[in-house]
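Order-wise, the sequence lines are chains A and B. Just so we're aligned: the first sequence equals residues 1103 to 1493 in our numbering. Just so we're aligned: the second sequence equals residues 5 to 398 in our numbering. Think of the CB as a built atom: it goes at the ideal place given N, C-alpha and C, for glycine as much as any other residue. The model shown is predicted, which means the values in this text are computed figures rather than measured ones.
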Amino acid sequence: MSATAPTCLVLLGSLEPSEPLSSTLSFLEWCRTAPGAPAVEVVALHPGTAAEQVRASAPTTVVYDPQGWSLPRIVQRLGFQRPAAVLRAADLKRRLRVEGPVYVPDPAAASLLHRLGPKAGPVVAHLHATSSGLDRLDPVDRRVLVDRADRWIVGSDAMADEATAAGAAADRVVSLPDLLTLPGIGQLDAGFLATVRAELAERHGIPVDAALAVGVGNVDWWTVPDAFVRIAWEATRRDSHRELHFLWVADGATERMLWPLRHDIRHAGLEHRVHVETGRRRPWHLIAAGDVLVSSRLGGHEPIGHREAALMGRPVLWFDDPGAPDPLVEPGQGTPVPHLDIDAMADAVVAAVRSRAADPADPTRLASGADAAWLPAIGGPALVEQLRPAR
Amino acid sequence: MSGLALPRRSERPELVFLSHAVDRSGPPIYLRHLLGWLGANTDVPTRVVSLEGGALEPEFQALTRLQVLGEPDPVRVRRGSRPLTRARNALRGARLRDVHPRSLLYINTAWSVRAMQYVPDHPGPVVAHVHELEVGLDYHLPDDDTDRLFRRPDHWVAASAAVADNLADRWDVPREEILVHHEMIDVAAPAQVADDEVARLRGRIAAGPGALVVGTTAVLNWRKAPDLFVELAAKVLHGPEAPDVHFAWVGVDERSAEVAALRRDARRAGIADRFHLVAVSDRPEAWMRAFDVFVLPAREDAYPLAALEAAAAGRPVVCFEAGGMPEFVGNDAGAVVDFPDVDAMAAVVERFRADPAARRAMGEVARTRVAERHDVSVAAPRLWADLGPWVPVR
């Protein structure tokens, strides 16, 4: 796809932080910086705390933005509800009258497809490995998504099953791991990591020489952080030879989202050992600054975090889920523990920390990631390939 | 109210209870017990103003005058809606015009303070009975209602010492103005359950006569900590003894996402045949008899009626050092372990399994204690002794 190719339209449900949005942000960022990448525009139904990040990567329109100053919103603020709705519909129709590819990484945006122009295409729906939202769609919106999608990208076998169950033709479903890009990974040398650790010491009181277990994800009970505080509580009771700290990286989370997590940390008496970071650094900076990535979720694996940690040579620990798709970590890069066995996870954290401490190589070294077999499949080019018209 | 005629003002002050609902949650059940005792033992006129209705409506109507007004509408949904909202609230509030200005308003739970919007300028005394801890006050209660709750009341009743501590330490309510009155139940209810009903309930979860049934009753939400309950079950059932133990959580909504998550965890942990999620029951006292041990895994709970009902059935109570329940359990009516020490909780369950005599002895302590402190016949007059003087005319 050359620079003169039609603009790719990206349709999103909301701009609240989520793993699908994280993957989409990686794609947008790649499009912004990579030579020859397509131009992209974003249309989102609702705003969110990640809006600034999205806008920094691509021109962005939010359809229902209570804080916005679009003409329909101004008319609505003046109290003219019906004219505002008519103006909004006309504005949307104009924006969606496109001839280029349409990427729908979030099924919550499916309702926008009702107004998509007839010449648009191909339309590519993307169901991510950790969540699809397809089952929660209004049936009318699910129908339009199935009718308009020329291609489906899925992040796991389970998502492929969901797509076909919804009506997608099996030969239109393509498996592609969730995206990540690590711009500037080459700059993550020991000096950079020392800077990050110094920041953590200043903000959270984590000693620069303390062992650090990191977890990542937004805070949504029953999804993440699930067992993070329990793991921390058990692990910090064990002798790890180094003072052991835990850091939850909740990129873009609001204080209200974090309230339950902070409640548990406080009531478990772990304020000085468990810390929450909300986005001064990219999550992978903090994963790199830690000794081990603890995937504390019980409901499903977190492939983006797993891959980021693996690329940087940080071991990953996760709860085993027999029969589920593999957690996308190469042998030797991580360890599963029995599901719900917090003791076993705590033991694994301590073992990982000791192992790194005993590593005769520089403990701040980073793997190059060059030998990761899946690396070519996760970059922007792999996704752009799927956005090309069928030959 | 009939037609558009406004009610006439009562000729004597009443005790007006403001309730968030008249459903089967703890505070309305508490209120139902109190109203029954007041009706039988005093001549104080009462009424209940509830924001929402619920399954207990007939019982409340049999005890007092019940007015279900509906939630005030605090959100401006579109331009021009605020005057309409005000008008609607004024219309609802007009149904309370007959409240005597010297009546005592009794806010039964923090959430009920929303009903104060219907009587914003009430000149009489106001009592706030707080059953909530941090989650209820800090997390769930909207800021406007927090302002109402902490600005207006003249007197404070706390459902446990833990609630009193929270009000004093985090909300600056003068400690000397807070009265602690623990919850009340009808302690005779479990004894009236037939043995064959108990056997039927145990049969529902395939628990044989020799099995230990570890149970709890609550809605499924983060505060009640079903995540820790399923972890407890896995830890006990994967123990070296391979014990014959069943775990039952009564009070679930099968359609909820939490049920799916818990079933997933139980399945992946290999304990699905011993981990049971049971729908809401209108026979909690029967389930308490079906349990052998009552576990309260809640992250915080002010003083749950369910645990008292279990105690009334002679079941020991196991809880975290969180919320008000440790005040009841002490060191002899069950066990209290540090939050979130699931290992320690599992050890207690295993100890109770291995030593039925100790389990029964602690259950008897619990049964005696709940009868001495929490039966309606004991707790209601104690509350009335404090409350009565605040009612202007008795």
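query = Just checking my contact of M329 of chain B with A314 of chain B at CB under 8 Å: how many whole Å lie between their CB atoms?
reply = Contact doesn't hold; Cβ gap of about 11 Å is too wide.
key: Nearest to P1140 of chain A (by Cα), restricted to the options A:G1307, A:E1131, A:A1146, A:L1147   = For P1140 of chain A, the nearest C-alpha among the options comes from A:E1131.
key: Exposed unless 16 or more other CB atoms sit within 10 angstroms - verdict on V81 of chain B   = At V81 of chain B, the pLDDT of 48 sits below 50, so the modelled position is not reliable and the matter cannot be decided from this model.
ask   = Who are the near neighbours of D1217 of chain A in its chain, counting only those whose CB is closer than 6 Å to its CB and skipping five residues on each side?
value = Note on residue identity: the sequence assigns Arg, not Asp, to residue 1217 of chain A. Result list for R1217 of chain A: L1194, K1195, L1198, in chain order.
task = Run through the region 33-72 of chain B for me and flag every whole alpha helix (DSSP H) of 4 or more residues, listed as ranges in chain order.
result = Counting whole runs of 4 or more residues, the region 33-72 of chain B contains the alpha helix (DSSP H) stretches 61-67.
ask   = If you scan the region 249-289 of chain B from start to end, which runs of the beta strand (DSSP E) of 3 or more residues do you find wholly inside it?
value = The qualifying runs are 249-256, 279-283.
query = Which term fits A1105 of chain A, buried or exposed, when burial requires 16 or more other beta carbons within 10 angstroms of its beta carbon?
reply = Note on A1105 of chain A: pLDDT 47, under 50, position unreliable in the model; the coordinate value appears next. Around the Cβ of A1105 of chain A, a 10 Å sphere holds fewer than 16 other Cβ atoms; the residue is exposed.
query = Tell me which same chain residues have a C-beta within less than 8 Å of the C-beta of Q1169 of chain A, skipping the five on either side of it?
reply = Around Q1169 of chain A: P1149.
message = With a threshold of 8 Å between beta carbons, is I1444 of chain A in contact with chain B?
response = Interface residue, yes.
request  = For W388 of chain B, collect the residues of the same chain with a Cβ closer than 6 Å to its Cβ; drop the 5 residues on either side in sequence, then sort them by chain order.
outcome  = Listed in chain order, the non-local C-beta contacts of W388 of chain B below 6 Å within the same chain number zero, local neighbours out to five positions each way being set aside.
query = DSSP three-state call for T372 of chain B: helix, strand or coil?
reply = Of the three classes helix, strand and coil, the one that applies to T372 of chain B here is helix, per DSSP.
ask   = Who are the neighbours of V234 of chain B on chain A, taking C-beta pairs under 8 Å?
value = The contacting residues are L1442.
request  = Please say whether A1450 of chain A and M1414 of chain A have beta carbons closer to each other than 8 Å?
outcome  = Between M1414 of chain A and A1450 of chain A, the CB-CB gap reaches or exceeds 8 Å.
ask   = What's the gap between the Cα of Q71 of chain B and the Cα of L60 of chain B?
value = In a straight line, the C-alpha of Q71 of chain B is about 13 Å away from that of L60 of chain B.
task = May I ask you to report which of helix, strand or coil DSSP gives L387 of chain B?
result = Looking at L387 of chain B - three-state DSSP - the assignment turns out to be helix.
key: According to DSSP, residues forming a beta bridge with L22 of chain B   = DSSP links L22 of chain B through a beta bridge to B:V53, B:I111.
key: T221 of chain B: first and last residue of the uninterrupted alpha helix (DSSP H) it sits in   = No alpha helix (DSSP H) contains T221 of chain B, which is instead part of the beta strand (DSSP E) from 216-221.
query = Does the region 15-33 of chain B touch the region 1251-1268 of chain A, meaning 3 or more C-beta pairs lie closer than 8 Å?
reply = The region 1251-1268 of chain A vs the region 15-33 of chain B: no contact.
Within chain B, partners of H1148 of chain A - CB distance below 9 Å = Those do not exist, as H1148 of chain A stays about 17 Å from chain B at its closest Cβ, beyond 9 Å.
task = Report yes or no: is there a C-beta of chain B within less than 8 Å of the C-beta of P1168 of chain A?
result = Cβ-Cβ to chain B under 8 Å: no for P1168 of chain A.
task = Establish whether the CB of V1164 of chain A and some CB of chain B are separated by less than 8 Å.
result = Proximity of V1164 of chain A to chain B, defined by a Cβ-Cβ separation below 8 Å, is not satisfied.
ask   = Under 8 Å, do V333 of chain B and F233 of chain B count as touching if we go by C-beta distance?
value = Not closer than 8 Å, so no.
key: Between the CA atoms of A1446 of chain A and F154 of chain B - distance to the nearest angstrom   = So the two alpha carbons sit approximately 46 Å from each other.
query = In whole angstroms, what is the alpha-carbon distance linking S1457 of chain A and L281 of chain B?
reply = Looking at the two C-alpha atoms, the distance is approximately 41 Å.
Residue of B:E376, B:Y110, B:L67 minimising C-alpha distance to W160 of chain B = The shortest CA-to-CA distance from W160 of chain B to any of B:E376, B:Y110, B:L67 is the one to B:Y110.
task = Name the two residues that bound the continuous beta strand (DSSP E) containing E1379 of chain A.
result = The continuous beta strand (DSSP E) containing E1379 of chain A extends over residues 1376-1379.
request  = Starting from F343 of chain B, find everything on chain A with Cβ-Cβ shorter than 7 Å and list it in chain order.
outcome  = H1369, A1370, listed in chain order.
ask   = Is it right to say P393 of chain B is buried, meaning 16 or more other beta carbons lie within 10 angstroms of its own, or is it exposed?
value = Burial is judged here by how many other beta carbons sit within 10 angstroms of a residue's own beta carbon; P393 of chain B has fewer than 16 and is exposed.
query = Which residue comes first and which comes last in the beta strand (DSSP E) that contains G1317 of chain A?
reply = Segment 1313-1318, the beta strand (DSSP E) holding G1317 of chain A.
inquiry  = Which residues in chain A have a C-beta closer than 9 Å to the C-beta of D149 of chain B? List them in chain order.
reply    = Residues of chain A passing the Cβ test: none, with the nearest at roughly 16 Å.
ask   = For A195 of chain B, which of helix, strand or coil comes out of DSSP?
value = In this structure, DSSP gives A195 of chain B a helical state, which the three-state scheme calls helix.
task = Using a Cβ-Cβ cut-off of less than 8 Å, give me the residues of the region 120-146 of chain B that come near chain A, in sequence order.
result = Flagged, chain order: E138, V139, D142, Y143.
query = Quick one: does R259 of chain B have its CB under 8 Å from some CB of chain A?
reply = So, not an interface residue.
key: Endpoints, the alpha helix (DSSP H) within which A310 of chain B is located   = For A310 of chain B, the enclosing alpha helix (DSSP H) starts and ends at 309-316.
inquiry  = With a threshold of 8 Å between beta-carbons, can R90 of chain B be considered close to chain A, or not?
reply    = By this cut-off, R90 of chain B is not an interface position.
ask   = I think A211 of chain B touches H242 of chain B, with their Cβ atoms under 8 Å apart; what is that distance to the nearest whole Å?
value = About 18 Å; that fails the 8 Å criterion.
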